[in-house]
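Chemist:
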Amino acid sequence: MASRSLFFRLFSLLMISSFAFVEVAMAGDPDILTDFVVPQNVTKVDGSFFTFTGMRVLVGSKPPTAFTVLKATKAEFPALDGQSVSYAVLEYAPGTTNPPHTHPRSAELLFLIGGSLQVGFVDTTNKLFTKTLQVGDIFVFPKGLVHFQYNADPNNPALAISAFGSASAGTVSLPSTLFTTGIDDNVLAISFKTDVATIQALKAGLAPKP
Numbered sequence: 000m001a002s003r004s005l006f007f008r009l010f011s012l013l014m015i016s017s018f019a020f021v022e023v024a025m026a027g028d029p030d031i032l033t034d035f036v037v038p039q040n041v042t043k044v045d046g047s048f049f050t051f052t053g054m055r056v057l058v059g060s061k062p063p064t065a066f067t068v069l070k071a072t073k074a075e076f077p078a079l080d081g082q083s084v085s086y087a088v089l090e091y092a093p094g095t096t097n098p099p100h101t102h103p104r105s106a107e108l109l110f111l112i113g114g115s116l117q118v119g120f121v122d123t124t125n126k127l128f129t130k131t132l133q134v135g136d137i138f139v140f141p142k143g144l145v146h147f148q149y150n151a152d153p154n155n156p157a158l159a160i161s162a163f164g165s166a167s168a169g170t171v172s173l174p175s176t177l178f179t180t181g182i183d184d185n186v187l188a189i190s191f192k193t194d195v196a197t198i199q200a201l202k203a204g205l206a207p208k209p
């Protein structure tokens with residue numbers, strides 16, 4: 000897929016833009032008093048500690064069949080702890096979406112490197128901002144606001160990289176948070192002005208498949 004080769008050609012550009020973004024944004028992480036943070040279970044610190052190889056699976060991989068996210072946060076890459084930066088590679092199969100969600104600890108800077116995406120966010124006045132992105136476009140989702148991405152192309156996948164101003168931006172998915180965490184059916188039915196049967200159907204549809 001052409002977007003795969005474009006991924007590597009444009010990755011250096013993303014590095015520059017994302018670190019500039021981190022410098023001007025208010026970090027969601029506390030300042031540290033050392034150059035970097037070493038986990039207690041790490042006994043040897045060399046170049047390997049500062050290297051993340053988890054993205055190698057993208058090289059030569061087949062186009063996605065669903066929406067997938069490959070993360071490089073401090074959970075996957077401990078060297079990021081205290082550095083106020085992280086990444087995610089987002090792959091969108093044709094017709095798939097990254098459902099409405101928020102990142103409570105950081106804004107998101109999305110760089111589209113393959114395909115096209117419809118993106119948007121809703122601010123605290125309930126105003127919707129949307130845009131259809133083309134390859135090479137960058138879009139910022141402000142910190143903590145509900146946002147989404149949608150690959151409306153029925154035939155071609157899309158590929159994007161997101162940078163965050165936190166080593167652990169966090170993700171709160173609205174569908175999962177509302178309908179898979181045990182909130183009472185009556186509370187949801189009243190809130191959404193519907194009936195309990197509809198709420199139960201939504202919960203069943205979002206329940207993990209056995």
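First residue of the sequence shown: 0, per numbering that gives the first Met the number 0; consecutive thereafter. All C-beta atoms in this analysis are idealised placements derived from N, C-alpha and C, irrespective of residue type, glycine included.
#1: Please give the ranges of any beta strand (DSSP E) in the region 44-109, keeping only runs that are unbroken, at least 3 residues long and fully inside the region.
#2: Any chance the region 149-162 sits against the region 71-91, with 3 or more Cβ pairs inside 8 Å?
#3: If you draw a straight line from the C-alpha of T170 to the C-alpha of G46, how long is it?
#4: Across the region 109-118 and the region 141-150, are there enough close Cβ pairs to call them in contact, namely three or more that are closer than 8 Å?
#5: How many whole angstroms separate the CB atoms of S172 and H100, which I take to be in contact at a CB cut-off of 8 Å?
#6: Would you say V41 and F48 are within 8 Å of each other, going by their C-beta atoms?
#7: Got a sec, what are the start and stop residues for the alpha helix (DSSP H) V121 sits in?
#8: If distances are taken between C-alpha atoms only, which option among P38, S175, D30 comes closest to L201?
#9: Under the rule that 16 or more other beta-carbon atoms within 10 Å means buried, what is A74, buried or exposed?
#10: Could you tell me if M25 is buried or exposed, where buried requires 16 or more neighbouring beta carbons within 10 angstroms of its beta carbon?
#11: To the nearest angstrom, how far is it from the Cα of A65 to the Cα of D28?
#12: Measure the C-alpha to C-alpha separation of I198 and L69 and round it to an integer number of angstroms.
#13: Kindly give me the distance between the Cβ atoms of A210 and F140, rounded to whole angstroms, as I take these residues to be in contact under 8 Å.
#14: For V21, does the three-state DSSP call read helix, strand or coil?
#15: Quick check on the burial criterion: 16 or more other C-beta atoms within 10 angstroms. Buried or exposed for A196?
#16: In chain order, which alpha helix (DSSP H) runs of at least 4 residues are fully inside the region 156-194?
Modeler: Concretely, from the data shown:
#1: 67-71, 85-91, 96-101
#2: yes
#3: Position 171 of the sequence shown holds residue 170. Position 47 of the sequence shown holds residue 46. Cα to Cα, the separation comes out at about 29 Å.
#4: yes
#5: Position 173 of the sequence shown, counting from 1, holds the residue named residue 172. Position 101 of the sequence shown, counting from 1, holds the residue named residue 100. With 8 Å as the limit, S172 and H100 qualify as a contact, their Cβ atoms being about 5 Å apart.
#6: Counting from 1 along the sequence shown, the entry for residue 41 is found at position 42. Counting from 1 along the sequence shown, the entry for residue 48 is found at position 49. Their beta carbons are under 8 Å apart, which means V41 touches F48 by this criterion.
#7: Reading the sequence shown from its first residue, position 122 is the one you call residue 121. Careful: V121 lies outside any alpha helix (DSSP H), inside the beta strand (DSSP E) at 116-121.
#8: As a position in the sequence shown, residue 201 is number 202, starting the count at 1. Out of P38, S175, D30, S175 has the C-alpha closest to the C-alpha of L201.
#9: Residue numbering aside, residue 74 sits at position 75 when the sequence shown is read from its first letter. The residue is exposed, with fewer than 16 neighbouring Cβ atoms inside 10 Å.
#10: Translated into positions along the sequence shown, residue 25 becomes position 26. Residue placement at M25 is flagged as unreliable, the pLDDT there being 48, under the threshold of 50; the coordinate-derived value follows with that caveat. With fewer than 16 Cβ atoms within 10 Å of its Cβ, M25 is classed as exposed.
#11: As a first step, residue 65 must be located in the sequence shown, where it is residue number 66. As a first step, residue 28 must be located in the sequence shown, where it is residue number 29. If you take the alpha carbons of A65 and D28, they lie about 32 Å apart.
#12: Here residue 198 is taken as the residue at index 199 of the sequence shown, counted from 1. Here residue 69 is taken as the residue at index 70 of the sequence shown, counted from 1. The alpha-carbon atoms of I198 and L69 are separated by roughly 31 Å.
#13: Since the first residue of the chain shown is 0 and the last is 209, residue 210 is not available in this structure.
#14: Here residue 21 corresponds to residue number 22 of the sequence shown, with the count starting at 1. With a pLDDT of only 45 at V21, under the threshold of 50, the placement of this residue in the model should not be trusted, and no figure is reported.
#15: Working through the sequence shown from its first residue, we reach residue 196 at position 197. So A196 counts as exposed.
#16: 173-178, 184-190
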